[in-house]
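This report concerns only the one structure given below.
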Amino acid sequence: MKKIAVLMMYSLLLATVQLTSSQAVPSTTTGTTKAPVFCYTCNTRVGEPCADTFNKKTLTPQYCEGVCVKEKITKEDNSVRRSCLPDTQIVADECSDVPGSVGTVGIRCRCKNDRCNSSIVHVTTVSVWMAVLTVWILRNTCE
Numbered sequence: 761m762k763k764i765a766v767l768m769m770y771s772l773l774l775a776t777v778q779l780t781s782s783q784a785v786p787s788t789t790t791g792t793t794k795a796p797v798f799c800y801t802c803n804t805r806v807g808e809p810c811a812d813t814f815n816k817k818t819l820t821p822q823y824c825e826g827v828c829v830k831e832k833i834t835k836e837d838n839s840v841r842r843s844c845l846p847d848t849q850i851v852a853d854e855c856s857d858v859p860g861s862v863g864t865v866g867i868r869c870r871c872k873n874d875r876c877n878s879s880i881v882h883v884t885t886v887s888v889w890m891a892v893l894t895v896w897i898l899r900n901t902c903e
């Protein structure tokens, strides 16, 4: 019974990795040149509709020869900025803290797939649900 639980856990882990590394509309890479992506560009600091609940129909994704970026500042002015960054050196999607005068003031995420800077944090949501499901399966199969 424990072997089945371990196999199920590994299967869920693999599914989590696959879900978190994929997007609905992936961009492609040819050789060493990265294909361009389409990113949302907006900024709440200048009054544009860009908050986490923004209507994607009001913005047209822009052509980007780099990576998409979403930056959310929570400690200073609660602003959100989505943009393109000419940085093709990232290997996988990544997030980092945004430093400020009072320490960390927000988070900046960079991703390399079409329209990947549109959501709140859907990758985290998938990971959390997969972890909950894994714990539930382990509890029910190891009793």
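Per the working numbering, the sequence shown runs over residues 761 to 903. Note that the Cβ used here is the ideal one computed from N, Cα and C, for glycine as well.
- Compare the beta carbon distance of Cys855 and Cys799 with 9 Å and say whether it is the shorter of the two. No, these two residues do not count as a Cβ contact at 9 Å.
Considering only residues of the region 832 to 876, which uninterrupted beta strand (DSSP E) runs meet the minimum length of 3 residues and lie entirely inside it, listed in chain order? Complete beta strand (DSSP E) runs here, min 3: 839 to 845, 854 to 860 and 863 to 871.
**Prompt:** Would Cys844 pass as a contact of Cys869 if the rule is Cβ separation under 9 Å?
**Reply:** No, the pair does not count as a contact, with Cβ atoms beyond the cut-off.
Next item on the list: Could you tell me the distance, in whole angstroms, from the CA atom of Val895 to the CA atom of Val806?
Entry: Between Val895 and Val806, the C-alpha separation is close to 44 Å.
Q | Distance between Leu819 and Gly863 (C-alpha atoms, nearest Å) | A | Rounded to the nearest angstrom, the two C-alpha atoms are 32 Å apart.
DSSP three-state assignment for Asn803, whether helix, strand or coil: In this structure, Asn803 counts as strand in the three-state DSSP scheme.
Pairwise C-alpha distance: Pro809 and Asp837:
Their Cα atoms are separated by approximately 15 Å.
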